[in-house]
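Peer 1:
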Amino acid sequence: MIFSRTYRYVSAVSEDDMRSRLVGKHMKVHNLDFEVSEKDKMLKIIPHAEQDTNIRTLPITHVEFKGKEGKTQVVISTKMRKIDSGGPMLIMVFVSFMIIASLGLFVLGDAKYMTYTYVLGGIGVGIFAIFWMRMETGYFDYVRKIRDYIKKQTS
3 MIFSRTYRYV SAVSEDDMRS RLVGKHMKVH NLDFEVSEKD KMLKIIPHAE QDTNIRTLPI
63 THVEFKGKEG KTQVVISTKM RKIDSGGPML IMVFVSFMII ASLGLFVLGD AKYMTYTYVL
123 GGIGVGIFAI FWMRMETGYF DYVRKIRDYI KKQTS
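First residue of the sequence shown? That's 3 in the working numbering, and the numbers climb one at a time after it.
#1: For my contact list, residue 94 and residue 125 are in at a C-beta cut-off of 8 Å; report their separation, rounded to the angstrom.
#2: Just to confirm, are residue 28 and residue 44 a CB contact at a threshold of 8 Å?
#3: Which residues does DSSP pair with residue 45 in a beta bridge?
#4: Kindly identify the DSSP beta-bridge partner or partners of residue 8.
#5: Drop a sphere of 10 angstroms on the beta-carbon of residue 86, count the other beta-carbons inside from all chains shown, and report buried for 16 or more, exposed for fewer.
#6: Does the segment 133-153 come close enough to the segment 99-119 that 3 or more CB-CB pairs lie under 8 Å?
#7: Once the 5 residues before and after residue 69 are set aside, which same chain residues still bring their CB inside 6 Å of it?
#8: By alpha-carbon positions, which one of 148, 153, 156 ends up nearest to residue 31?
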């Protein structure tokens with residue numbers, strides 16, 4: 003999915019030490035609490051948004067540790083909460099249809115429809131640009147700050 007991110011790095015800290023540094027901790031990102039819990043040899047970082055009244059698109063992060071030659075490979079994978087994924091996916095589908103329709107009109111349409119083609123394509127690109135900037139300052143900012151927190155705690 004286009005909103006999932008995976009980040010890998012290698013650390014000299016042992017797997018058990020990393021777990022002890024992270025499990026049970028809470029972190030604040032944009033005044034929202036995230037809790038680190040362990041499940042099936044994997045750490046899950048889950049947002050506590052039960053009391054939050056704002057509409058936010060929040061990530062769920064999984065952290066896996068793999069021992070390799072005296073070092074530990076850390077794999078951080080982030081995906082959007084299922085409850086939050088509907089709106090962004092709907093916008094992406096809508097914008098895709100607008101751009102495909104614009105390209106179709108450009109290739110197959112007459113010269114008298116070129117104004118509509120440019121307007122439709124411009125609106126599609128404009129909506130996508132605004133949407134992506136909002137995602138960069140919201141969802142992807144949460145992802146970056148959680149990743150930086152994990153990296154800081156495990157190095």
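Note that CB positions come from ideal geometry on N, CA and C, so glycine has one too.
Peer 2: Here's the rundown:
#1: That belief does not hold up - the Cβ atoms of residue 94 and residue 125 are roughly 15 Å apart, past 8 Å.
#2: no
#3: Here residue 45 is bridged, per DSSP, to 40, 65.
#4: Its beta-bridge partners are 79.
#5: buried
#6: no
#7: 17
#8: 148
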